[in-house]
Every structure is written in C-alpha cells, then in structure tokens.
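Enquirer: Residue numbers (the UniProt record's numbering): 73 to 431.
Got a structure for you, questions after.
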Ligand code: NAD
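See below:
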C-alpha cells in the first residue's frame, strides 16, 4: 500500500491538460533531466531504473536523490519484469511512456554482448507488451540513436537515409528496436515515436563518454586516448547539449499521440515517427579536447591512436528539419557554452576548487 501510494503521488498531474509519464531509465543521464523537466511543468512522473553497474552506481543513486527531492519516485526494477510493469499500469493510467532505459555504449559490447540483448531487445519487448495490455494504452516515446546511421557516408544524416550498416552491436540493437516498435505500431496500433539522439553531454552526464572521462583524466594528470580515423582524419561528433535534448523529448511527448504531423517517418494508422535530435554542427574530438583544456585551465596529455574498429563511427551530423517542423525543435547551446556548464558541474560534484580536489 505504501508503494502504491508513493507511485500515485509521484504520478499526480499539477497542470490542466498535463500528462502522467512513466520514465524508464530515470536514474540515467537523460532520464534524470527529462523527469525533472516534466515535473517542473506540472506533469506526473514515475521513474523506473534497475541501477545497474555499467558505470558508477553512486552517480545513479545521487541522481535518484535529486529526483526524490523534487517529488519523483524512482522505482528500482527492471523493464524485463513483466509483473512489475503490469502492477505499475494497474496502479496508474499512464498517458505516456518515455522509454530511456537501455544498455548504452559501443565498446562495452565486445565483452558484454548479452547485456544489449537483455535491455535493448528483450526489455523493450516486455515493455511494449505491457503498454499493449494497458488500459488506456500510453503513447510511447523512446530513445533510438544516431548510431543507426552507422558507416553511412552521406551527411548530414536524414531520417530516411540508409541504416543498414551498423558499426556496433549497440547500433544493431537500436536498429532492431526501431523495427520492433514499428511492428507493435502497425499490429497493435500503439503510438510510437523514436528519437535518434546525437552524442548528448552535460551536467550529471555519463562517465563512460569521452568528454566526461577526458575531464576526469585531465584533472588527475592522466593521459587521454584520442582516436583518429583512417588517413589521419579526426573523428567528429554532433555533440548535443542535454537541455536541447530535453526540449526535444518534451516536444515529441506533447505531439506523440497526434496522427496529423508532418515530420519523420510515418507508417500505419496510429502514428509511428522517427526524429533526429542533434545539434547540426559537428565538432572534431581534438577541438573538444582544446575546449576542455581551456575551461579546466589545464593541458591534456594526449595519446593519439588509430581508431581500433570496435564500434565507433568516424563522424555524425544531424539533419533536424523533421523535428523542427513537427515540434519546433531548435538546439541553442553550442559546445563551448555547454562544456562550460558541464565542467562547472563536474568540479562542484567531485569537490574540486581551483583545480584541486577537496578532502
Ligand atoms: P544511461 O546509461 O545514463 O541511462 C540508462 C539508464 O537505464 C541507466 O540508469 C540504467 O541503469 C537503466 N537501465 C539499463 N537497463 C535497464 C533495464 N533492463 N531495466 C531498467 N533500467 C535499465 O544512458 P543515457 O545517456 O541517459 O541514455 C538514455 C537513452 O538514450 C538510452 O536509451 C541510450 O541508448 C540513448 N542514447 C543516448 C545517447 C547519449 O549520447 N547519451 C545517444 C544516443 C542514444
């Protein structure tokens, strides 16, 4: 009863026309920010996360505390737990599901392939089954990835471009997720929107990502490994600031149940859409390092090595015109500004002052 009360309280809507959203992966980087933004504007939010140890679980616990302090209950549980999902949908008539739980990262798949199948395929199907059986059926918005464009060389990437050359198992499971969600859309009429995020960064970010681990190593005086593509070409990413991604997530949730839109790929009678959420201005990895050096006021010890071919792609670059047309998506934070905010958060979170760590 206590559990049900917590879930219902957390799902309570505090604005007219608001939504109640189940956010999976709520203790993750994007999930935390999206949950807070939904709550802030008066929507009901219930989080679900298995708090796995892919990266520092204490960071996930700290995000959970942040959520709790804003009245958001984040349940510890797995999206593969069909009983738990059924209980959740029995307790709350969720209008939307924001599905962000996944096994992320491309290199980790070399040693842990089944983790990707468990969360990104089996877990996705379990969640879709629960949504299918729920009454009312929620609209689903979920995170795909720019990695589905794989080794595609035509830039910028548009939603209709080829996605048949995944460079990693992670990308393959995201691509599979797009096909699986499409199937649930046209067979069961579930409303589904897939968002292809492009390299998201910012405060409360993911320690496994380059900008984060570079910051850590630079501060600790340790070398960083900078990958370079074939023929000494620098790798480049369309780095997208978290606040811009959050706006895109909320915009797509707001339009997700409507079938009259014009953007993305639409298939079947219930809306099925896919949108790029990127920044449209790729930056090379050496440039990323130099911005971090400037903000940290420290020099990096760079180890420049050829990309080992274990999952990374040489570049990413988003065409965002579909999301722009559909829900006014317009990123406004450039990498300089966004990294400044990240570094400020990092120094404060890890207790640094003036380049030295406290305590
Ligand atoms: P994250 O790893 O910080 O968040 C994912 C969360 O899901 C984690 O807290 C994890 O504990 C949880 N989780 C994993 N498997 C689960 C399961 N089986 N059941 C319940 N919870 C589970 O990653 P993120 O950067 O916040 O990414 C959010 C989503 O966006 C993911 O789907 C990811 O693949 C996608 N994405 C992220 C980026 C990026 O640059 N951050 C880029 C493209 C796509």
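Beta carbons: idealized from backbone N, C-alpha and C, even for Gly.
Under 7 Å from any heavy atom of the ligand NAD, does the C-beta of residue 384 make it?
Expert: It does not: the Cβ of residue 384 is nowhere closer than 7 Å to a heavy atom of the ligand NAD.
Enquirer: Which two residues bound the contiguous beta strand (DSSP E) that contains residue 375?
Expert: 373–378 is the extent of the beta strand (DSSP E) around residue 375.
Enquirer: In its own chain, which residues sit with a C-beta less than 7 Å from the C-beta of residue 246, not counting the 5 before and 5 after it?
Expert: Cβ within range, chain order: 192, 216, 217, 219, 220.
Enquirer: When every heavy atom of the ligand NAD is checked, does at least one fall within less than 7 Å of the C-beta of residue 309?
Expert: No, the ligand NAD has no heavy atom inside 7 Å of this Cβ.
Enquirer: Does the Cβ of residue 423 have 16 or more other Cβ atoms within 10 Å, making it buried, or fewer, making it exposed?
Expert: Burial call: exposed.
Enquirer: Would the C-beta of residue 269 count as close to the ligand COA, meaning under 7 Å from any of its heavy atoms?
Expert: As presented, the structure is devoid of the ligand COA, carrying the ligand NAD as its sole ligands.
Enquirer: What are the boundary residues of the alpha helix (DSSP H) that residue 205 is part of?
Expert: Start and end: 195–205.
Enquirer: I'd like to confirm something about residue 188: is its beta-carbon nearer than 7 Å to some heavy atom of the ligand NAD, or not?
Expert: No, the ligand NAD has no heavy atom inside 7 Å of this Cβ.
Enquirer: Keeping to the same chain, check which residues put their C-beta closer than 8 Å to that of residue 305; ignore five residues upstream and five downstream.
Expert: Result list for residue 305: 386, in chain order.
Enquirer: Between which two residues does the alpha helix (DSSP H) carrying residue 393 extend?
Expert: Segment 393–399, the alpha helix (DSSP H) holding residue 393.
Enquirer: For chain D, find out if any of its Cβ atoms is closer than 8 Å to the Cβ of residue 131; answer yes or no.
Expert: Although the question refers to chain D, the structure presented lacks it and comprises just one protein chain.
Enquirer: So, helix, strand or coil for residue 176, using DSSP?
Expert: Of the three classes helix, strand and coil, the one that applies to residue 176 here is coil, per DSSP.
Enquirer: So residue 145 and residue 79 are in contact, right, with Cβ under 8 Å, and what is the actual spacing, rounded?
Expert: The pair is a contact, with the Cβ atoms about 6 Å apart (cut-off 8 Å).
Enquirer: Is residue 223 helix, strand or coil by DSSP?
Expert: If DSSP states are grouped into helix, strand and coil, residue 223 belongs with coil.
Enquirer: Going straight from the alpha carbon of residue 363 to that of residue 269, what length do you get?
Expert: The straight-line gap from Cα to Cα measures roughly 22 Å.
Enquirer: Assuming residue 171 and residue 93 are in contact, meaning their beta carbons sit under 8 Å apart, how far apart are those beta carbons, in whole angstroms?
Expert: Actually they are not in contact, since the Cβ atoms of residue 171 and residue 93 sit about 10 Å apart, beyond 8 Å.
Enquirer: Candidates 314, 323, 295: which alpha carbon is nearest residue 361's?
Expert: When only C-alpha atoms are compared, the closest one is 295.
Enquirer: What three-state label does DSSP hand residue 295 in the structure shown?
Expert: Residue state, collapsed to three classes: strand.
Enquirer: Given the structure, does residue 395 come close to the ligand NAD, in the sense that its CB is under 7 Å from one of the ligand's heavy atoms?
Expert: Result no, Cβ not under 7 Å from the ligand NAD.
Enquirer: Hey, how far is the Cα of residue 321 from the Cα of residue 237?
Expert: The straight-line gap from Cα to Cα measures roughly 26 Å.
Enquirer: Under DSSP, the beta strand (DSSP E) around residue 145 begins and ends at which residues?
Expert: That run of the beta strand (DSSP E) goes 145–148.
Enquirer: Let me know if residue 183 comes out buried or exposed under the rule of 16 or more other beta-carbons within 10 Å of its beta-carbon.
Expert: Residue 183 is exposed by the Cβ-count criterion.
Enquirer: Please determine, among 131, 346, 416, 118, the residue with the shortest C-alpha to C-alpha distance to residue 367.
Expert: Checking every option, the nearest Cα to that of residue 367 belongs to 416.
Enquirer: Out of 355, 126, 143, 375, state which residue places its alpha-carbon closest to the alpha-carbon of residue 108.
Expert: Comparing Cα-Cα distances from residue 108 to each of 355, 126, 143, 375, the minimum goes to 143.
Enquirer: If residue 311 sits next to residue 407, beta carbons under 8 Å apart, how far is it from one beta carbon to the other, in whole angstroms?
Expert: Rounded, the Cβ-Cβ distance is 5 Å, consistent with contact.
Enquirer: Where do the ends of the beta strand (DSSP E) carrying residue 269 lie?
Expert: Residues 264–269.
Enquirer: From the DSSP output, in three-state form, read off residue 261 for me.
Expert: Looking at residue 261 - three-state DSSP - the assignment turns out to be coil, as it is neither helix nor strand.
Enquirer: Look at the alpha carbon of residue 110 and the alpha carbon of residue 303, and state the distance between them as a whole number of angstroms.
Expert: Answer to the nearest angstrom: the Cα atoms are 45 Å apart.
Enquirer: Among the residues of its own chain, which have a CB less than 8 Å from the CB of residue 129, if the five just before and after it don't count?
Expert: Here the set comprises 123.
Enquirer: Cβ atoms of residue 194 and residue 242: under 8 Å apart, would you say?
Expert: Result no, Cβ atoms of residue 242 and residue 194 do not sit closer than 8 Å.
Enquirer: Residue 411 by DSSP, collapsed to three states: which one?
Expert: It is helical.
Enquirer: Please classify residue 214: does DSSP put it in a helix, a strand, or coil?
Expert: Residue 214 falls in the strand class under three-state DSSP.
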